[in-house]
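Asker:
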Amino acid sequence: MTRLVNRDRSLQELERDRWSAPSGDETRLMATVRELRRKPIGGLTVEDMRLLIRQNVGLAHLLPLAVEVLRSDPLAEGDMYEGDLLAAVLTRDAGVWIDYPELRREVRSIVSELADVSPALKRDVEGFLAR
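For the sequence shown, the positions run 0 to 130 when numbering that gives the first Met the number 0 is used.
Shown next, in the form of structure tokens:
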């Protein structure tokens, strides 16, 4: 499944949602999320997508892009470990996948072809497939 999305636009533009100015006690993680929301989505790295997806930010736009990456490299790696993007995708709440049944089927297809993965990633795969 290929979903057309304007990769020159940021999540902030695509979602038409400008977050308010940061408070003085914002964490580094949230400051990074705020910054990444302003970056064109076509310029997001695997790590950027992993981080945003883990925070449930921009899923409507990022899940299709992440699945596109996973199609060619199921164990694509951000800054954490091999397969960390896949783990981020697999561990989204089950309710998220109700809105994206085609993506869910595609992710199921991708993980069904995985063989030798870490025990942690194997648990994520099994959890996803059990839903």
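Every residue gets a Cβ at the ideal spot worked out from N, C-alpha and C, and that includes glycine.
#1: Check the DSSP bridge columns for SER9 and list the partner residues they point to.
#2: Find the nearest neighbour of VAL95 within the set GLY77, ARG8 and ARG130, judged by alpha-carbon distance.
#3: Is it right to say TYR80 is buried, meaning 16 or more other beta carbons lie within 10 angstroms of its own, or is it exposed?
#4: Going along the chain, which residues of its own chain have a beta-carbon closer than 7 Å to the beta-carbon of THR1, five neighbours each way excluded?
#5: Where LYS121 and ALA86 are concerned, what is the direct C-alpha to C-alpha distance, given to the nearest angstrom?
#6: Whose CA, out of LYS38, TRP18, PRO39 and GLY77, lies closest to the CA of ARG49?
Answerer: Walking through what the data contain:
#1: For this step, residue 9 is matched to residue 10 along the sequence shown. Paired residues: PRO39.
#2: The residue you call residue 95 lines up with position 96 of the sequence shown. Ranking GLY77, ARG8 and ARG130 by CA distance to the CA of VAL95 puts ARG130 first.
#3: Locating residue 80 in the sequence shown gives position 81, where the first residue counts as 1. The Cβ neighbour count for TYR80, taken over all protein chains shown within 10 Å, is under 16; the residue is labelled exposed.
#4: Mapped onto the sequence shown, residue 1 falls at position 2. Only weak support exists for where THR1 lies, its pLDDT of 49 falling under 50; the value from the coordinates is given anyway. Take THR1, set aside five residues on each side of it, and no residue of its chain has a beta-carbon closer than 7 Å to its own.
#5: Taking the sequence shown and counting its residues from 1, one reaches residue 121 at position 122. Taking the sequence shown and counting its residues from 1, one reaches residue 86 at position 87. Inter-residue distance for LYS121 and ALA86 is about 9 Å (C-alpha atoms, whole angstroms).
#6: Numbered from 1 along the sequence shown, position 50 holds the residue referred to as residue 49. The shortest C-alpha to C-alpha distance from ARG49 to any of LYS38, TRP18, PRO39 and GLY77 is the one to GLY77.
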